[in-house]
Amino acid sequence: MERKFNLGEQLMKKQIVIILFIILTGLQFSSTFAQQRFPKPEFESGHVQPLTITPDARAPILEYLDMVVLLASLSLVTWLVLNKRSRIGVFWMSIFSIAYFGFFREGCVCSVGSLQNIVLAIVNPNYNIPISVIVFFTAPLIFSLFYGRTFCAAVCPLGAIQDFFLLRPVNMKSWLQSVLGVIPYIYLGLSILYAATSTDFIICRYDPFIGIYRLNATFMMFALGGAFLLISLFIGRPYCRFLCPYGVLLNLTSRLSKKHMTITPAACIQCRLCGDSCPFGAIDKPVEAKAVENRRVSVKRYSWLILTLPLVIFIGGWTGASFHETLAKVNSKVRLASVILENPSVLDEDTTIDIDAFKESGQTSAELFMEAADIVSDFYLGGWILGGFFGLVFGLTLAKLTIIRYRMDYTPNKGECFSCARCMDYCPVEKDAIINNA
Amino acid sequence: MAADKSNKKIARRDFINNTFRFSLVVGLGGLGGILSKNTLGTEMVWQLDASKCVQCGRCATDCVLTPSAVKLIHVYDMCGYCDLCGGYFRPEAKNRSTAAENQLCPTSAIERVFIEEPFFEYHIDKDLCIGCAKCMKGCGSFGNGSLQIQVNHDLCVNCNECSIARVCPSDAYVRVPANDPYLLKGFKGDGKKI
Chain E
61 MERKFNLGEQ LMKKQIVIIL FIILTGLQFS STFAQQRFPK PEFESGHVQP LTITPDARAP
121 ILEYLDMVVL LASLSLVTWL VLNKRSRIGV FWMSIFSIAY FGFFREGCVC SVGSLQNIVL
181 AIVNPNYNIP ISVIVFFTAP LIFSLFYGRT FCAAVCPLGA IQDFFLLRPV NMKSWLQSVL
241 GVIPYIYLGL SILYAATSTD FIICRYDPFI GIYRLNATFM MFALGGAFLL ISLFIGRPYC
301 RFLCPYGVLL NLTSRLSKKH MTITPAACIQ CRLCGDSCPF GAIDKPVEAK AVENRRVSVK
361 RYSWLILTLP LVIFIGGWTG ASFHETLAKV NSKVRLASVI LENPSVLDED TTIDIDAFKE
421 SGQTSAELFM EAADIVSDFY LGGWILGGFF GLVFGLTLAK LTIIRYRMDY TPNKGECFSC
481 ARCMDYCPVE KDAIINNA
Chain B
338 MAADKSNKKI ARRDFINNTF RFSLVVGLGG LGGILSKNTL GTEMVWQLDA SKCVQCGRCA
398 TDCVLTPSAV KLIHVYDMCG YCDLCGGYFR PEAKNRSTAA ENQLCPTSAI ERVFIEEPFF
458 EYHIDKDLCI GCAKCMKGCG SFGNGSLQIQ VNHDLCVNCN ECSIARVCPS DAYVRVPAND
518 PYLLKGFKGD GKKI
């Protein structure tokens with residue numbers, strides 16, 4: 061860069077000040093000011109230097125408030141669903157969640173995204189994980205182990221906003237629901253891979269509702285959020301059912317729940333009124349005895365499927381591993397290294413900000429390649445694990461399809477039920493009613 | 338007899354469920370416990386390390402907020418009060434006047450105030466600053482480097498993953514404890530020098 065006017069006159073005055081300054085302050089400060097080209101002047105007019113203002117971050121106490129609000133609303137929703145059996149109560153709690161976790165806290169940190177922080181903290185010991193993130197991750201899971209997915213019912217701001225928009229529920233074909241239901245497992249696997257390699261937090265990056273909660277986002281994110289809400293009008297909670305990776309964990313833990321909500325407060329009278337009441341297709345209908353096939357045949361087929369599972373996992377793992385370079389391209393270091401490796405002449409011409417910054421950093425190309433190679437080899441291992449996981453999910457989904465369990469009553473599917481309490485209003489059975497079966 | 342058998346079956350399923358539930362509660366509790374050893378007991382917020390910054394300009398464009406939460410902080414302790422300020426004037430400026438054509442800042446967010454011969458003080462209008470770091474580059478190249486961009490925590494919404502951190506070419510973005518959230522060069526809060 062060229063300077064069109066000369067600095068000489070300026071420097072003359074400065075030099076006098078520098079000399080005076082060194083004499084006055086002694087040598088102990090010289091090392092500090094060696095870096096400064098123009099030392100701070102001492103004003104003759106008595107001018108007082110203004111203070112540098114650095115605005116404070118949010119008070120730490122508010123972080124504890126978030127945890128208290130989370131635990132309190134989890135407990136309240138659980139009580140409303142299990143004891144009060146009140147849909148309207150759950151509805152108002154979801155409005156509260158939209159207001160507090162959504163618009164007030166602007167959607168960060170949420171339990172869904174927290175799983176990436178947990179993975180990063182496990183893999184990278186240098187990452188200091190905030191205590192609130194640990195609570196946001198574990199509390200809903202522990203609640204679901206005892207009481208089902210009450211977190212999904214009205215505490216999660218992502219679920220609450222979709223539930224609010226659900227006006228004209230349309231029932232989906234069950235095969236379509238099963239197929240789409242595999243996507244969250246894939247999303248979970250990818251988000252863990254990218255979090256573990258410190259590449260990206262894809263759940264946060266593609267969170268469709270964060271832009272709405274912040275009232276500030278790029279057009280694409282608004283469009284994505286809008287599209288999801290539009291779909292939510294007809295198909296209940298599309299994000300929760302067909303994308304949410306945290307929902308996968310809740311689905312698994314909720315299956316073990318000790319005291320899950322029930323449709324009827326007493327014994328089911330088989331009235332079928334609740335049959336189509338669930339907008340999420342999470343009610344298991346009774347299976348007639350004649351539909352249950354010969355036990356020997358089904359056990360044999362099931363055993364075969366389980367025996368082929370290791371093979372499916374291996375094929376999945378091998379496929380995942382062979383895509384590891386493609387998966388690694390998401391990492392910015394790997395991307396930069398591959399650009400330079402393909403065409404080393406980019407270093408001589410100023411092409412992109414990243415290459416400029418790389419040149420300024422003083423790192424050599426060889427060092428960058430080494431670093432990128434390490435990351436790629438992490439992705440090779442990650443690809444095996446990810447692919448194996450997909451294989452396992454695929455195999456188990458297949459095996460599960462062959463199980464027909466004999467069932468007498470209409471019961472919520474513990475894994476998929478969001479405990480939203482809609483079906484309860486359809487049940488004509490009153491609490492403490494005595495059913496005379498005779 | 339049949340009732341007996343189904344009772345047994347339910348009892349077995351309960352037992353398996355209880356075992357899994359118990360081990361998962363213990364596992365989650367243990368995981369939380371182990372991870373909490375690595376916590377600083379405080380929230381972590383994003384900050385850019387001014388000493389690593391290469392002034393690429395992405396802070397102005399890649400924040401989820403518009404305008405960006407990254408803004409200039411003037412470290413007066415480091416300022417030389419130069420008449421000819423490399424952060425204020427464009428390199429090809431015609432003269433040392435406050436005319437817009439001479440200013441480096443695209444939004445005229447820097448105010449130049451005469452103090453005494455030959456010193457001038459430079460104030461930042463936070464409402465106008467967009468965090469483009471042009472002045473930081475100018476000041477760092479020709480002056481002391483007292484003009485430094487930082488994430489302003491009254492504005493930052495503290496995303497779980499900072500969208501600027503993802504595109505920062507020099508890995509300058511780091512998580513810092515919320516009670517000490519600035520990484521300025523040659524300055525450490527409370528008006529004290531490092």
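Chains E and B are the protein sequences, given in the same order.
So the number in the numbering used here is just where the residue sits in the first sequence, counting from 1, plus 60.
So the number in the numbering used here is just where the residue sits in the second sequence, counting from 1, plus 337.
C-beta atoms are modelled at their ideal positions from N, C-alpha and C, and glycine is treated no differently.
Contact between the stretch 431-450 of chain E and the stretch 376-392 of chain E is present: three or more C-beta pairs spanning the two stretches fall below 8 Å. Any Cβ of chain E closer than 9 Å to the Cβ of B/P443 would place that residue at the interface, and such an atom is absent. Among the residues of the stretch 94-126 of chain E, those with a Cβ less than 8 Å away from any Cβ of chain B are Q95, Q96, R97, F98, P99, K100, P101, F103, E104, S105, H107, Q109, P110, L111, T112, I113, T114, P115, D116, A117, R118, P120, E123, in the order of the chain.
DSSP lists B/Q384 as the beta-bridge partner residues of B/V511. In this structure, E/Y266 lies away from E/S171, with their beta-carbon atoms at least 9 Å apart.
Per the C-alpha coordinates, the member of B/K463, B/I347, B/N516, B/K345 positioned closest to B/L409 is B/K463. Neighbours of E/F261 in chain B, taken as residues at a C-beta separation under 8 Å, are given in chain order as N497, E498.
In this structure, E/V128 keeps its C-beta atom at 9 Å or more from the C-beta atom of E/T210. Contact of E/L401 with chain B by beta-carbon distance below 8 Å is absent, the smallest such distance being about 18 Å. Of the candidates E/K474, E/E490, E/K491, the residue whose Cα lies closest to the Cα of E/C212 is E/K474. Within the stretch 399-484 of chain B, the alpha helix (DSSP H) runs of at least 4 residues that lie entirely inside it are, in chain order, 471-479. Residue pairing by DSSP places B/I486 opposite B/L409 in a beta bridge. Between the alpha carbons of E/L201 and E/G173 lies a distance of about 14 Å. Looking at the backbone, the Cα of E/L310 and that of B/M381 are separated by about 26 Å.
At a cut-off of 9 Å between beta carbons, E/Y187 contacts chain B.
Between the beta-carbon of E/D260 and that of E/V108 there is about 47 Å, and that puts the pair past the 8 Å contact cut.
The alpha-carbon separation between B/R395 and B/C505 amounts to approximately 7 Å.
Among the CB atoms of chain B, one or more fall inside 9 Å of the CB of E/R274. The continuous alpha helix (DSSP H) containing E/H384 extends over residues 384-388. The alpha carbon of B/D414 has as its nearest neighbour, out of E/I270, E/A256, E/P99, the alpha carbon of E/P99.
In this structure the stretch 107-122 of chain E does not lie against the stretch 186-198 of chain E, because fewer than three pairs of beta carbons, one per stretch, are closer than 8 Å. The three-state secondary structure of E/R467, taken from DSSP, is strand. At a cut-off of 9 Å between beta-carbon atoms, B/E453 makes contact with chain E.
E/F279 counts as exposed, since fewer than 16 other beta carbons sit within 10 angstroms of its beta carbon. CA-CA distance, E/D416 to E/L401, rounds to 16 Å. Of E/P370, E/S204, E/L407, E/F294, the smallest CA-CA separation from E/S135 is found for E/S204. CA-to-CA, the gap between E/C304 and E/W152 works out to about 23 Å. Here E/P472 carries a strand assignment [DSSP, helix/strand/coil]. With fewer than 16 other Cβ atoms inside 10 Å of its own Cβ, E/S105 counts as exposed. Bounds of the alpha helix (DSSP H) holding E/F288 are 279-292.
As for any alpha helix (DSSP H) of minimum length 4 sitting wholly inside the stretch 355-387 of chain E, the runs are 355-382, ordered along the chain.
B/E458 places its beta carbon 9 Å or farther from that of B/C496.
B/R350 is classed as exposed because its beta carbon has fewer than 16 other beta carbons within 10 Å across all chains shown.
By the criterion of at least three beta-carbon pairs nearer than 8 Å, the stretch 226-246 of chain E is not in contact with the stretch 471-482 of chain B. Annotated as proximal: E/I272 and E/I221, with beta-carbon spacing under 9 Å.
The Cβ neighbour count for E/S317, taken over all protein chains shown within 10 Å, is at least 16; the residue is labelled buried.
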